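First comes the structure, then the notes that go with it.
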Amino acid sequence: MDPDRPRRPLAVVDIDGVLADVGHRLHHLERRPKDWKGFFASARSDPPHPQGLALAAELAEDHDVVLLTGRPEHCRADTEAWMAEHGVAYDLLVMRPPGNRRAAAEVKVGLLGLLAADREVAVVVDDDPAVIAAAGTAGYRTRLAPWGRPAESLRQAQEVEGRT
Ligand SMILES: [Mg+2]
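Residues 3 to 166 (the working numbering) make up the sequence shown, in order.
Shown next, in the form of structure tokens:
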């Protein structure tokens with residue numbers, strides 16, 4: 003983040019199902035065994051969710067935007083390139099730490115705590131009701147993004163297998 007800029011509150015925004023439409027790559031998780039490599043490798047070609055891009059742009063007007071995703075660190079370069087391609091303005095990209103296989107809700111609430119220790123977290127936007135519920139219980143203001151409802155295969159990957 004730019005140290006010369008005034009410290010604005012944070013808007014924490016999820017990527018998959020909020021900004022990026024993952025529908026075209028869910029088939030990688032619906033086969034057995036699941037093809038995690040294929041699932042993540044095709045993230046670079048996700049179509050954007052226009053509502054998500056609009057919301058992120060609106061939030062960026064008076065917040066620093068933190069992208070908080072269950073995607074693993076090895077997806078960082080592709081994720082940054084995708085954000086650049088789709089004109090998403092953000093200040094920080096926080097990803098699932100290497101080797102961490104906890105449920106997305108648990109990982110995200112833990113990472114929110116680190117962010118909140120340093121700066122006000124004004125809102126948390128996610129498409130996953132489990133993440134929204136956990137963040138709400140932890141005292142954060144939340145906003146459920148309803149346009150990218152998680153498919154069962156993705157819910158399983160996020161909340162049970164802790165993969166994304
Ligand atoms: Mg999501």
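Idealized CB from N, CA, C, for every residue including glycine. Computed from a predicted model, the values in this text were never measured in an experiment.
9 angstroms Cβ cutoff, Arg151 in contact with chain D: Reference to chain D is not applicable here, since this structure consists of a single protein chain.
Between the CA atoms of Leu116 and Val123 - distance to the nearest angstrom: 10 angstroms
Three-state class that DSSP yields for Leu69 in the structure shown: strand
Reference Thr166, options Asp18, Gly54, Leu12, closest by Cα: Asp18
C-beta atoms of Leu61 and Gly89 nearer than 9 angstroms: no
With 16 other Cβ atoms within 10 Å as the buried cut-off, status of Gly150: buried
Chain-order list of residues whose beta-carbon lies under 6 angstroms from that of Arg33 (same chain, five-residue window excluded): none
Given 8 angstroms, three or more beta-carbon pairs between the region 135-144 and the region 60-77: no
Distance cut-off 8 angstroms: Ile17 Cβ against heavy atoms of ligand 1: yes
Residues bridged to Ala22 (per DSSP): Asp18, Pro50
Leu95: first and last residue of the uninterrupted beta strand (DSSP E) it sits in: 94-98
Buried versus exposed, by CB contacts within 10 Å (16 or more), Ala59: exposed
Secondary structure of Pro74, DSSP reduced to three states: strand
For Thr144, the first and last residue of its enclosing beta strand (DSSP E): 144-146
Close-in-space but distant-in-sequence residues of the same chain around Arg157 (CB under 8 angstroms, 5 per side omitted): Asp130, Ala132
Segment limits, alpha helix (DSSP H) that includes Val133: 131-139
Rounded distance between the beta-carbons of Arg145 and Val125, thought under 8 angstroms: 6 angstroms
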